[in-house]
Amino acid sequence: MCDAHLPDILKVEQESFFHPWTESMFREEMAGNFSVYRVAEADGKAVGYMGMWILADEGHITNVAVGKAYRRQGIGGALIDDFIALAIEKNLCLMTLEVRESNENAISLYAAKGFVPVGRRKKYYENTEDAILMTKFFDTEG
Ligand SMILES: CC(C)(COP(=O)(O)OP(=O)(O)OC[C@H]1O[C@@H](n2cnc3c(N)ncnc32)[C@H](O)[C@@H]1OP(=O)(O)O)[C@@H](O)C(=O)NCCC(=O)NCCS
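In my numbering, the protein residues as written are 563 to 704.
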């Protein structure tokens, strides 16, 4: 992800989240020493993105979103696959994330990619909705 993607990414963000990140939040994230942000492009524009912090040997997924008109075409899955490949390349032992309990689409996508529920943060969102913690573990022994 680079500055030129931001106008498209802000549109994706606004149609994807109740509390969308602002341009300055994206700029701060992109500048972070431990963060990796990548976009998916289609029809000459950025139509989805994903971010992850790499902290020691763990990957913490910050966000994944795909524009409404481009959903259910495998783009979200392709973004996750790309980060899984990065995690393997960097020999991470796990990738982890939080997801709203009601977000069945995202939960089934993560489950299809090998993430398993490992915990719950009570009333994590707006002090009302629980977050489900989902983690994908890698075998780093061999
Ligand atoms: C979650 C999200 C990123 C998925 O992106 P996507 O490009 O539509 O995902 P894919 O097309 O790769 O879907 C892969 C799998 O996820 C599951 N899935 C995705 N959307 C689904 C839906 N609407 N209903 C049921 N399952 C769904 C399915 O298992 C699907 O595989 P299938 O199409 O072979 O059945 C997208 O819906 C989105 O941006 N949502 C709003 C933002 C958000 O909630 N992000 C996650 C925050 S934790």
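Glycine included, every Cβ here is placed at the ideal spot set by N, Cα and C.
Per DSSP, reduced to three states, the secondary structure at Ala693 is strand. Straight across, the Cα-Cα distance linking Leu656 with Lys573 is about 30 Å. In the structure shown, the three-state DSSP call for Ala618 is coil.
Assigned with DSSP and collapsed to three states, Leu654 falls in coil, not helix or strand.
Inclusion of Gly621 and Leu671 in the CB contact set at 7 Å is not warranted, their separation being larger than that value. Per DSSP, Val574 has no beta bridge partner at all.
With a cutoff of 6 Å, Val626 counts as near ligand 1, since its C-beta is closer than that to a heavy atom of the ligand. Under the DSSP assignment, Arg589 falls in the alpha helix (DSSP H) whose first and last residues are Glu585 to Ala593.
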